[in-house]
Structure formats: structure tokens, C-alpha cells
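Single-structure report; data block below.
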Amino acid sequence: MIKYERTKGLTELKTHYCPGCTHGILHKLVAEVLEELGVLGKTVGIASVGCSVFSYDYINTDFQQVPHGRACAVATGIKRVLPDRVVFTYQGDGDLASIGLAETMHAANRGENITVIMANNATYGMTGGQMAPTTLIGQKTTTSQEGRNIMQHGSPMKISEIFSQIEGAAYIERTSLHDIGNIRKTKKAIKKAFTYQMENKGFTLIEVISTCPVNWKMKPRDAMDWSKEHMLPIFPLGVYKDVMKP
Numbered sequence: 303m304i305k306y307e308r309t310k311g312l313t314e315l316k317t318h319y320c321p322g323c324t325h326g327i328l329h330k331l332v333a334e335v336l337e338e339l340g341v342l343g344k345t346v347g348i349a350s351v352g353c354s355v356f357s358y359d360y361i362n363t364d365f366q367q368v369p370h371g372r373a374c375a376v377a378t379g380i381k382r383v384l385p386d387r388v389v390f391t392y393q394g395d396g397d398l399a400s401i402g403l404a405e406t407m408h409a410a411n412r413g414e415n416i417t418v419i420m421a422n423n424a425t426y427g428m429t430g431g432q433m434a435p436t437t438l439i440g441q442k443t444t445t446s447q448e449g450r451n452i453m454q455h456g457s458p459m460k461i462s463e464i465f466s467q468i469e470g471a472a473y474i475e476r477t478s479l480h481d482i483g484n485i486r487k488t489k490k491a492i493k494k495a496f497t498y499q500m501e502n503k504g505f506t507l508i509e510v511i512s513t514c515p516v517n518w519k520m521k522p523r524d525a526m527d528w529s530k531e532h533m534l535p536i537f538p539l540g541v542y543k544d545v546m547k548p
């Protein structure tokens with residue numbers, strides 16, 4: 303008989319996230335993968351600034367908190383000093399695609415053997431719902447109250463497409479958490495990214511389409527539907543680079 307048990311990759315703390323926020327789901331997937339790979343005791347997570355920072359409370363590994371946007375710079379240092387460790391960053395789109403873009407791109411370009419998990423909810427969640435680099439055209443935020451305007455603000459930044467062009471990147475995939483099937487695909491992608499790191503293949507990044515019901519001003523179920531209906535056409539799911547499948 304198969305018995306479902308709580309993964310040892312999670313701490314006993316109850317998450318504080320808003321109802322309908324998918325950070326909790328993503329934490330669980332990362333934790334399960336690390337336990338299944340048998341690397342909980344040799345993993346170092348990097349917690350960035352934003353809602354994602356609290357990953358250090360919930361994922362049961364060593365963690366280092368870093369200044370806004372500097373996750374990949376610190377991850378690089380830790381991995382180079384402790385190459386036997388599994389090192390990953392857990393970041394939001396505001397942290398990675400804005401202030402942290404340079405650090406992340408250069409880590410990818412150098413082929414640093416780290417894994418990046420990015421939750422893309424098209425907004426700055428923690429600081430009040432401001433427009434992020436990934437905010438959709440027409441999407442209203444506290445700093446784009448008439449909707450994002452392409453002439454004023456540019457287009458949403460497509461991280462997976464951009465990073466797939468970087469030579470040092472080994473594996474880039476965009477997944478989603480809007481339903482059970484895609485949650486399973488996300489777990490599979492995360493496991494593949496960590497496996498590639500353990501096999502020294504280089505830089506891996508999983509971009510995960512997520513929700514932010516409070517700042518989107520939606521009920522949790524509506525936020526899931528909105529992410530599917532509005533975000534996926536702009537951020538198509540799929541593998542954007544895999545060095546094992548030229």
C-alpha cells in the first residue's frame with residue numbers, strides 16, 4: 303500500500319502566504335524533488351527579496367538570504383567554494399527580471415552550475431503590486447493604473463526566451479501551476495534541472511507561471527483561470543533549451 307506522507311523537505315511551519323498564492327505549491331515541489339534526489343543535507347538555497355524570501359522558513363535545507371537581485375551572484379560564490387553542494391536560487395520575477403537581471407544573465411553566460419527557480423506572477427507581490435518587467439500589456443497595477451502601455455513601459459520581458467539564447471545555459475523551461483497536470487509537469491522540470499546540476503551540465507532555469515490574487519484583486523479560483531487565459535498566450539509553456547536535446 304502506498305501511503306502519502308508530508309515530505310521531509312518542508313519544515314513544520316504553516317505558510318503565511320495569501321489564499322490562492324502558488325508559492326506554497328512551488329515550495330512543496332522543490333522540497334519533494336530535493337528529498338527524492340537524496341540531497342536535502344547537501345543543498346543550499348538562496349532566498350531573494352520579495353515574497354519569495356520566506357522560502358528559507360519552509361524549505362528544509364540550508365539557506366542564505368541575499369540583497370535584492372543578488373541571488374545568482376551569491377549562488378555563484380557558494381557553488382564555487384562548495385562545488386559538491388546543490389545550490390539553487392528561489393526568486394520572483396520582480397527580483398530576477400529587474401534589479402537582478404544582470405547577475406542572472408552573467409551567471410548563465412558563464413555556465414555557472416546552479417539552478418534558478420523563478421515564480422512569474424507579473425507583479426511585485428510583496429511591496430504593493432507595482433508593475434514588474436513581466437506585467438502584461440493593459441494590466442493595471444499600483445504604478446500602471448491605466449494599464450501597462452507598450453509605448454511608455456515596453457513589452458513584458460520573456461525570461462525563458464531570452465535565456466535560451468545564452469550559450470552557457472544548459473536547460474531552460476517555462477511551466478505553470480494553474481492545474482494538476484501542469485503542477486506535475488513543473489515538478490518534473492524542477493527535478494530535471496537539479497539532476498542536470500548534479501551531472502555538472504551547467505546553468506538551469508525553471509520559470510513558473512504563478513498567481514497573486516491579492517494584487518490582481520481576484521478570488522483564488524479566478525486568479526488560476528486568469529493566469530491560464532491571459533498569461534500563457536504571452537508566456538507560452540515549454541522547453542526553451544535543453545543541451546541534451548539539440
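Read left to right, the sequence shown gives residues 303 to 548 (this note's numbering). Built from N, CA and C at the ideal position, the CB exists for glycine as well.
**Report entry** Buried versus exposed call for residue 545 [16 or more other C-beta atoms within 10 Å across all chains shown]
**Finding:** exposed
**Report entry** Residue span of the beta strand (DSSP E) that contains residue 541, given as start and end
**Finding:** 540 to 544
Requested in this report: Out of 514, 391, 488 and 415, point me to the one whose CA is closest to residue 289's CA.
Outcome: The shown model of the chain, from 303 to 548, leaves out residue 289, and the question about it has no answer.
Query - Through-space distance from residue 322 to residue 510, alpha-carbon basis - result: About 15 Å.
**Report entry** Within 9 Å, strictly: CB atoms of residue 399 and residue 433
**Finding:** no
**Report entry** When 423, 407, 396 and 348 are compared against residue 364, the one with the closest alpha-carbon
**Finding:** 348
Query raised in the report: Expressed to the nearest angstrom, what Euclidean distance is found between the alpha-carbon atoms of residue 330 and residue 308?
Result: 9 Å
Query raised in the report: Based on Cα-Cα distance, which residue from 512, 446 and 404 lies nearest to residue 481?
Result: Nearest in C-alpha terms to residue 481, of all of 512, 446 and 404, is 512.
Requested in this report: Have a look at residue 361 and residue 383 and give me their C-alpha separation to the nearest angstrom.
Outcome: Cα-Cα distance, rounded: 22 Å.
Requested in this report: Please state if the CB of residue 405 and the CB of residue 375 are separated by a distance shorter than 9 Å.
Outcome: yes
Query raised in the report: Apart from the five residues just before and just after residue 475, which ones in its own chain have a Cβ nearer than 6 Å to its Cβ?
Result: Shown here for residue 475: same chain residues with a beta carbon closer than 6 Å to its own, the five before and five after excluded, namely 491, 508 and 541 in chain order.
Query - N-terminal and C-terminal residue of the alpha helix (DSSP H) that residue 382 is part of - result: First-last of the alpha helix (DSSP H) with residue 382: 373 to 383.
Requested in this report: Could you check how far apart the C-beta atoms of residue 380 and residue 388 are, in whole angstroms? I think they sit under 8 Å.
Outcome: Contact doesn't hold; Cβ gap of about 10 Å is too wide.
Query raised in the report: Nearest to residue 314 by CA position, among 525, 326 and 488, is which residue?
Result: 326
Query raised in the report: Where residue 496 and residue 378 are concerned, what is the direct C-alpha to C-alpha distance, given to the nearest angstrom?
Result: Cα to Cα, the separation comes out at about 15 Å.
Query raised in the report: Which residue's Cα is closest to the Cα of residue 319: 368, 456 and 354?
Result: 354
Report task. Report the residue ranges of all alpha helix (DSSP H) runs contained in full by the stretch 307 to 391; include only those spanning at least 4 residues, in chain order. Result -> 325 to 338, 357 to 360 and 373 to 383
Query raised in the report: Does the stretch 499 to 506 touch the stretch 437 to 454, meaning 3 or more C-beta pairs lie closer than 8 Å?
Result: no
Report task. Under the assumption that residue 444 contacts residue 427 (Cβ atoms under 8 Å), give the Cβ distance between them as a whole number of angstroms. Result -> The pair is not a contact, with the Cβ atoms about 11 Å apart (cut-off 8 Å).
Query raised in the report: According to DSSP, is residue 536 helix, strand or coil?
Result: coil
Query - DSSP-derived helix/strand/coil call for residue 427 - result: coil
Report task. Per DSSP, which residues does residue 420 bridge with? Please list them. Result -> 393 and 509
Query raised in the report: Can you tell which of 519, 523, 531 and 485 has the C-alpha that lies nearest to the C-alpha of residue 335?
Result: 485
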